[in-house]
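Note that the protein sequences, when read in sequence, are chains A and B.
Every letter in the first sequence is one number past the one before it in our numbering, and letter 98, counting from 1, is 99.
Every letter in the second sequence is one number past the one before it in our numbering, and letter 186, counting from 1, is 187.
There are 2 protein chains.
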Amino acid sequence: MVRIKAKVALVEPTRQQLLEAASAVFAERGFRAATVRQICQRANANVAAVNYHFGGKAGLYAEVLRHAHRCAEERHPNVSVSPKRLTPARELEIFVHAFLQRLFDEGRTAWLGKLMSREMVEPTAALDAVVEEQIQPNSRRLQDLLRRLLGPRSSAEQVRLCEMSVVSQCLFYHHCRPVISRLFPGFDFGPKALRRLAAHITRFSMGGLQSAKKGLG
Amino acid sequence: MVRIKAKVALVEPTRQQLLEAASAVFAERGFRAATVRQICQRANANVAAVNYHFGGKAGLYAEVLRHAHRCAEERHPNVSVSPKRLTPARELEIFVHAFLQRLFDEGRTAWLGKLMSREMVEPTAALDAVVEEQIQPNSRRLQDLLRRLLGPRSSAEQVRLCEMSVVSQCLFYHHCRPVISRLFPGFDFGPKALRRLAAHITRFSMGGLQSAKKGLG
DNA sequence: ATTTGTTTCAAACATTTGTTTGAAATGGTG
DNA sequence: CACCATTTCAAACAAATGTTTGAAACAAAT
Numbered sequence: 002m003v004r005i006k007a008k009v010a011l012v013e014p015t016r017q018q019l020l021e022a023a024s025a026v027f028a029e030r031g032f033r034a035a036t037v038r039q040i041c042q043r044a045n046a047n048v049a050a051v052n053y054h055f056g057g058k059a060g061l062y063a064e065v066l067r068h069a070h071r072c073a074e075e076r077h078p079n080v081s082v083s084p085k086r087l088t089p090a091r092e093l094e095i096f097v098h099a100f101l102q103r104l105f106d107e108g109r110t111a112w113l114g115k116l117m118s119r120e121m122v123e124p125t126a127a128l129d130a131v132v133e134e135q136i137q138p139n140s141r142r143l144q145d146l147l148r149r150l151l152g153p154r155s156s157a158e159q160v161r162l163c164e165m166s167v168v169s170q171c172l173f174y175h176h177c178r179p180v181i182s183r184l185f186p187g188f189d190f191g192p193k194a195l196r197r198l199a200a201h202i203t204r205f206s207m208g209g210l211q212s213a214k215k216g217l218g
Numbered sequence: 002m003v004r005i006k007a008k009v010a011l012v013e014p015t016r017q018q019l020l021e022a023a024s025a026v027f028a029e030r031g032f033r034a035a036t037v038r039q040i041c042q043r044a045n046a047n048v049a050a051v052n053y054h055f056g057g058k059a060g061l062y063a064e065v066l067r068h069a070h071r072c073a074e075e076r077h078p079n080v081s082v083s084p085k086r087l088t089p090a091r092e093l094e095i096f097v098h099a100f101l102q103r104l105f106d107e108g109r110t111a112w113l114g115k116l117m118s119r120e121m122v123e124p125t126a127a128l129d130a131v132v133e134e135q136i137q138p139n140s141r142r143l144q145d146l147l148r149r150l151l152g153p154r155s156s157a158e159q160v161r162l163c164e165m166s167v168v169s170q171c172l173f174y175h176h177c178r179p180v181i182s183r184l185f186p187g188f189d190f191g192p193k194a195l196r197r198l199a200a201h202i203t204r205f206s207m208g209g210l211q212s213a214k215k216g217l218g
């Protein structure tokens, strides 16, 4: 029994290893560009394992999305309510910073963010589920925050537009990283830079929101 | 001679047809997903034509980028200087609106914008040239405008960050269109909507710039 | 009309990639 | 040990795709 436990701990079941490897590869390369052979090699598994355990590349991808979602939920059990009383600006900054971290952190934490970012640009059949289960809730959360910032007279359209203005600034750095690093060599994405970025996006957006608010009447 | 001229006018040389077809297909599908067979079918050409005229798929793609650049230059011979005296806000709105149009117009006008947008997310070997020849100049142009708006005390870093805040808002709608149309059904991208979008992005950004300006000291 | 250089074409080729297969290995159970 | 289900594996398969090839068609010049 000790031996069994030890073995389980050391050599994780193939299915799990595939899931981990696939998460990383899909997050890096995207669904299309990732190959099952890459994934299996990384998981020390046979090429046929993907089909045996997940019924195919698509099935594996679907499982990876669920897996990443579970991992993220585990790590942030309930981000929806900020416990302390914070200024709205600070609350927005926290949202933005968390968003950036999900896109740029290394390791398992960032899988979900990267996968979702990929889905936006190069959608697969899984996009509908991703939007409904993951993007939609976050969108509602940000909209609530923005509505508070824009005031009760703001229209749904205004809230939507401002939401996209905020989100776009965060996603941009991930989507366009290849261009940014060529256009501005030396631009880095370490933790410190991420905080500075979040500060800028928040300040810029607070000004933008104020401007949008004025133009309401 | 008349017969020849007529024929040339009616049945354009294969090379040109390939270029046109490839521009459309690459803009729609991206470099990887586009297949030479698709392109050749659309151009009524043989599969081997691509290799004969351009040395391969990569060569064709490189030519397509140059071709799209020429087309865009032809259409907007010199956008760099706005002839009339405009308020900076109006100037920014024109820039933003033109940007959006390049991404969402149908037909040849939009090829370059779409191709560049693709390059940002899914870079190819051609990205370096694209950045240097196309993105860099536009970037400089926007930076000049923003520096005027931010005032002489603004740092290069501030200008860069604000530039990305503006550009990101424009690109977002193109990059994330699949998500937007699921999240906000009915969101359209017709000419009227594009003008409204440009107005929002401009107003939002003007507020953001003001905010960024304040935080300079 | 013949020649010469260019262009087109159908067919084949080589490679990649997702999937299938049938046998071998594995591990628990009676 | 023998039996059974589960899992792994090397090999093969089928489809897609970029590229090559060698002959045919074509056009212009001599």
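Don't be surprised by glycine CBs; every beta carbon is placed ideally from N, CA and C.
Taking 8 Å as the threshold (beta carbon to beta carbon), is residue i in contact with chain B?
i        : result
A/Pro179 : yes
A/Ile202 : yes
A/Asp189 : no
A/Phe185 : yes
A/Val97  : no
A/Ala213 : yes
A/Ser156 : no
A/Ile136 : yes
A/Gly114 : no
A/Leu101 : no
A/Gly60  : no
In this structure, how does DSSP classify residue i when only helix, strand and coil are distinguished?
i        : result
B/Val160 : helix
B/Glu123 : coil
A/Val48  : coil
B/Asp189 : coil
B/Ala34  : coil
B/Pro14  : coil
B/Gly57  : coil
A/Gly108 : coil
A/Arg86  : coil
Can you name the start and end residues of the alpha helix (DSSP H) that residue i belongs to?
i        : result
B/Gln102 : 89–105
A/Gly208 : 192–215
A/Ser155 : It is not in any alpha helix (DSSP H) - A/Ser155 carries neither H nor E in the DSSP assignment.
A/Ile181 : 178–184
A/Val132 : No alpha helix (DSSP H) contains A/Val132, which DSSP labels as neither H nor E.
Strictly below 7 Å CB to CB, what residues from chain B border residue i?
i        : result
A/Pro124 : Pro179
Just to confirm, are residue i and residue j a CB contact at a threshold of 8 Å?
i        : j        : result
A/Leu210 : A/Cys171 : no
B/Arg196 : B/His54  : no
A/Thr15  : A/Ala50  : yes
B/Leu116 : B/Leu61  : no
B/Phe185 : A/Arg161 : yes
B/Ser118 : B/Leu104 : yes
A/Arg71  : B/Ala34  : no
A/Ser169 : B/Phe190 : no
A/Met121 : B/Pro179 : yes
A/Arg204 : B/Ala213 : yes
B/Leu143 : B/Val167 : yes
For residue i and chain A, any beta-carbon pair shorter than 8 Å?
i        : result
B/Leu20  : no
B/Arg33  : yes
B/Gly209 : yes
At 9 Å on the CB atoms, spell out the chain A contacts of residue i, in chain order.
i        : result
B/His176 : Met121, Val122, Ser169, Leu172, Phe173, His176, Cys177
B/Leu162 : Arg197, Leu198, His201, Ile202, Phe205
B/Gly108 : The contacting residues do not exist; B/Gly108 stays about 23 Å from chain A at best.
B/Leu128 : Pro179, Val180, Arg183
Could you tell me which chain B residues have their CB closer than 8 Å to the CB of residue i, listed as they occur along the chain?
i        : result
A/Gly152 : In chain order: nothing, as chain B lies at least about 15 Å away.
Name the chain A residues whose beta carbon is nearer than 8 Å to that of residue i?
i        : result
B/Val132 : Val180, Arg183, Leu184
B/Leu1   : Here chain B has residues from 2 to 218 only, and residue 1 of chain B is not among them.
B/Ser24  : Under the 8 Å cutoff, chain A gives no residues; its nearest Cβ is about 20 Å from B/Ser24.
B/Gly223 : The requested residue 223 of chain B is not part of the displayed model; chain B covers only 2 to 218.
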